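Working notes for the structure below.
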Amino acid sequence: MSNQNGHGEKGTENVKRGLAQMLKGGVIMDVVTPEQAKIAEDAGACAVMALERVPADIRAQGGVARMSDPEMIQSIMEAVTIPVMAKVRIGHFVEAQILQALGVDYIDESEVLTPADEEHHINKHQFNVPFVCGCRNLGEALRRIQEGAAMMRTKGEAGTGDIVEAVRHARAVNGEIRRIQNMDEDELFTYAKEIRAPYALVKETAELGRLPVVNFAAGGVATPADAALMMQLGMDGVFVGSGIFKSGDPAKRAKAIVEAVTHYNDPDILLKVSRNLGEAMVGINVTPDQVILGKRGW
Amino acid sequence: MKIGVLALQGAFIEHEKMLRSLGVETVQVRLPVHLDGLDGLIIPGGESTTIGKLATDYGLMQPLRDFATYKPTWGTCAGMIFLAKDLGQHHQPILGLMDVTVNRNAFGRQIDSFEADLDIAVLGETPYHAVFIRAPVITQAAPQVEVLAKFSDDQIVAAREGHLLATAFHPELTNDTRFHTYFLGMIKSSES
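Quick mapping for you: the protein sequence lines, in order, are chains A and B.
Residues 1 to 298 (my numbering) are what the first sequence spells out, left to right.
Residues 1001 to 1192 (my numbering) are what the second sequence spells out, left to right.
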């Protein structure tokens, strides 16, 4: 390379995946105002997700959920020094162009918003800003990575305060990875076809023994115990959506969840941080009459 | 040799992998007791505000300061911020040991993160491929601080002050072990 000590190359895979590496072992919190963003930062959040309505409210109010007002996202970017993420609808590449122009640090192509395209996800290679996407299983994760996602998260079931779906998705991905590690090449070819994932990524994942990108838990985390559970299940970090600012004492709960993610293997510390947190978010059971956001994405 | 990696938040596993590939035993440091018996410490990349808060709340600030006052300690990115004496207008918990002024997010937001080849004399003639993620730079360094690498001729991105080492970029995100080997050399020479 001829760009010694002067020229830097931006928007590379290394750089996009690299920021997710720096977020590991941390908590990314949904915030709807600059004040909430400050509370999150002061509690030790490693990043915030700026949005107009947390998933619990999107679920309750219904209607079409879109990208948030850039003005509102910018006010949050100005309020904190930690990275700021924002959501776009699945397949809505123009919303993503707008957020890239705004300069957000990560874009979440999210099933929490109403999908804009029921067949195609965004071609994320076209962007310098990195993307995080949700997944329920290994095939879905590797399809998103093939499209250029630089970070993954479980879909879970956002806005419910119910951890059951996030656990299902984390166990699915990690269980499948354990299985492919024991497959020979012939079996890997067939398995890649079965899960509709590119063979090269299936092979890479089998060799690494993990996804080639950072993988966070998301969708239903409401307590420090939930967060530590996801870490012990092998997730790299945790998103908390409605769980913090829909609870009785957001600042205290936010701090407790941050500490639970760092000390996820230390039951004595988990006991200490779980005490006296006030009311948890009410929670909605994932039942057949609920809209299942996790099914969005293809 | 046993090296600790501060494991409060961030890319600590990557440093451990790199060290283990060089035959070094590693320890994840989350509480003061984990510093016992270590020959050196790495403070990894991550969010410096998060790391600072967790270090404060779990009584690690003074033990870390005591450790890094005498033992070889290396900060990468957030770790470099953590080692510095001065952060300009930012106020957050830092160890304040290395006589440098550091500007956080000096290159801008993530969209301005980049990778580049650097000439680093102490690592030999082959350019060193460095990954900068929302990286800081050293804007001022005391005379006793040895500048190891610059970007664009005027931005200090790697420096050493005695047993303290700081890099604005992430050697743990590459396959090049030269910087980790250099740090092991610092530990060996401090023990001899």
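Glycine residues also receive a C-beta, built at the ideal position from the N, C-alpha and C atoms.
Bear in mind the structure is a predicted one, so any value in this text is a computation, not a measurement.
Would residue i pass as an interface residue toward chain B - the criterion being a Cβ-Cβ separation below 8 Å?
| i | result |
| --- | --- |
| I180 of chain A | no |
| V48 of chain A | no |
| N3 of chain A | A caution first: N3 of chain A carries a pLDDT of 43, below 50, which makes its placement in the model unreliable, though a value can still be read off. With 8 Å as the cut-off, N3 of chain A counts as an interface residue toward chain B. |
| I122 of chain A | no |
| T81 of chain A | yes |
| K155 of chain A | no |
| K24 of chain A | yes |
| H125 of chain A | no |
| H92 of chain A | no |
For chain A, is any of its Cβ atoms less than 8 Å away from the one on residue i?
| i | result |
| --- | --- |
| R1109 of chain B | yes |
| Q1089 of chain B | no |
| R1178 of chain B | no |
| N1105 of chain B | yes |
| G1045 of chain B | yes |
| E1125 of chain B | no |
| G1185 of chain B | no |
Below 8 Å between beta carbons: does that hold for residue i and residue j?
| i | j | result |
| --- | --- | --- |
| A65 of chain A | T114 of chain A | yes |
| I82 of chain A | A45 of chain A | yes |
| I195 of chain A | G139 of chain A | yes |
| K38 of chain A | A79 of chain A | yes |
| A251 of chain A | A56 of chain A | no |
| D105 of chain A | V88 of chain A | no |
| I1138 of chain B | I1156 of chain B | yes |
| H1202 of chain B | T1073 of chain B | A question about residue 1202 of chain B goes unanswered here, because the residues of chain B that appear run from 1001 up to 1192. |
| G299 of chain A | G161 of chain A | Summary: the structure shown does not reach residue 299 of chain A, with chain A confined to residues 1 through 298, and so no result is reported for it. |
| A50 of chain A | V31 of chain A | yes |
| A1135 of chain B | Q21 of chain A | no |
| P1171 of chain B | T1076 of chain B | yes |
| K1002 of chain B | E1016 of chain B | no |
| I107 of chain A | A141 of chain A | no |
| I180 of chain A | A197 of chain A | no |
| A200 of chain A | A227 of chain A | no |
| L1118 of chain B | A1130 of chain B | yes |
| L1083 of chain B | L1097 of chain B | yes |
| L277 of chain A | D249 of chain A | yes |
| Q202 of chain A | V221 of chain A | Contrary to the premise, residue 202 of chain A reads as Val rather than Gln in this sequence. No, they are not a contact pair. |
| T1167 of chain B | F1151 of chain B | no |
| R59 of chain A | V291 of chain A | yes |
| G219 of chain A | E165 of chain A | yes |
| R153 of chain A | V132 of chain A | yes |
| F1169 of chain B | G8 of chain A | no |
| N137 of chain A | V167 of chain A | no |
| L1008 of chain B | I1042 of chain B | no |
| A254 of chain A | M29 of chain A | yes |
| S247 of chain A | E204 of chain A | no |
Which residues in chain B have a C-beta closer than 7 Å to the C-beta of residue i? List them in chain order.
| i | result |
| --- | --- |
| V15 of chain A | S1113, F1114, E1115, V1131, I1133 |
| T262 of chain A | L1008, Q1009, R1030, L1054 |
| E41 of chain A | T1049 |
| V213 of chain A | Under the 7 Å cutoff, chain B gives no residues; its nearest Cβ is about 13 Å from V213 of chain A. |
| G283 of chain A | Result: empty, since nearest Cβ-Cβ is about 27 Å, beyond 7 Å. |
| G44 of chain A | T1050, K1053, L1054 |
Give the residues of chain B in contact with residue i, contact being defined as C-beta atoms less than 8 Å apart.
| i | result |
| --- | --- |
| D105 of chain A | R1109, Q1110, I1111, R1134 |
| K10 of chain A | I1111, D1112, S1113, F1114 |
| N128 of chain A | I1111 |
| H7 of chain A | A1116 |
Strictly below 8 Å CB to CB, what residues from chain A border residue i?
| i | result |
| --- | --- |
| L1173 of chain B | N14, G18, Q21 |
| H1163 of chain B | The premise fails here: H1163 of chain B is roughly 25 Å from chain A at the closest Cβ pair, so nothing lies under 8 Å. |
| E1146 of chain B | Residues of chain A passing the Cβ test: none, with the nearest at roughly 17 Å. |
Mind listing the chain A neighbours of residue i? Cutoff is C-beta to C-beta under 7 Å, in chain order.
| i | result |
| --- | --- |
| H1170 of chain B | G18 |
| E1014 of chain B | Q21 |
My understanding is that residue i touches residue j, with C-beta atoms under 8 Å, so please give their C-beta distance in whole angstroms.
| i | j | result |
| --- | --- | --- |
| Y1182 of chain B | L1123 of chain B | 6 Å |
| G209 of chain A | I163 of chain A | G209 of chain A to I163 of chain A, Cβ: 25 Å. No contact. |
| H121 of chain A | G91 of chain A | 6 Å |
| G1046 of chain B | A1068 of chain B | That belief does not hold up - the Cβ atoms of G1046 of chain B and A1068 of chain B are roughly 17 Å apart, past 8 Å. |
| I1113 of chain B | K10 of chain A | According to the sequence as given, residue 1113 of chain B is Ser; it is not Ile. About 7 Å separates the two Cβ atoms, so the contact holds. |
| A225 of chain A | A170 of chain A | So it is not a contact: roughly 15 Å between Cβ atoms. |
Going by the C-beta, is residue i closer than 7 Å to any heavy atom of the ligand NAP?
| i | result |
| --- | --- |
| I1042 of chain B | The ligand content of the structure shown is nil, which means the ligand NAP is not present either. |
Worksheet item: Hey, which unbroken runs of the beta strand (DSSP E) at 3 residues or more fall wholly within the segment 1107-1134 of chain B?
Response: Counting only runs of 3 or more, we get 1114-1118, 1128-1132.
Item to complete: Identify every run of the beta strand (DSSP E) within the segment 81-137 of chain A, keeping only runs that are complete inside it and at least 3 residues long; order them along the chain.
Response: Secondary structure in the segment 81-137 of chain A: the beta strand (DSSP E) runs of 3 residues or longer, each lying completely within the stretch, are 84-89, 106-110, 131-135 in chain order.
Discussion item. Give the list of continuous beta strand (DSSP E) stretches no shorter than 3 residues that lie fully inside the segment 14-81 of chain A.
Written reply: 27-31, 47-50
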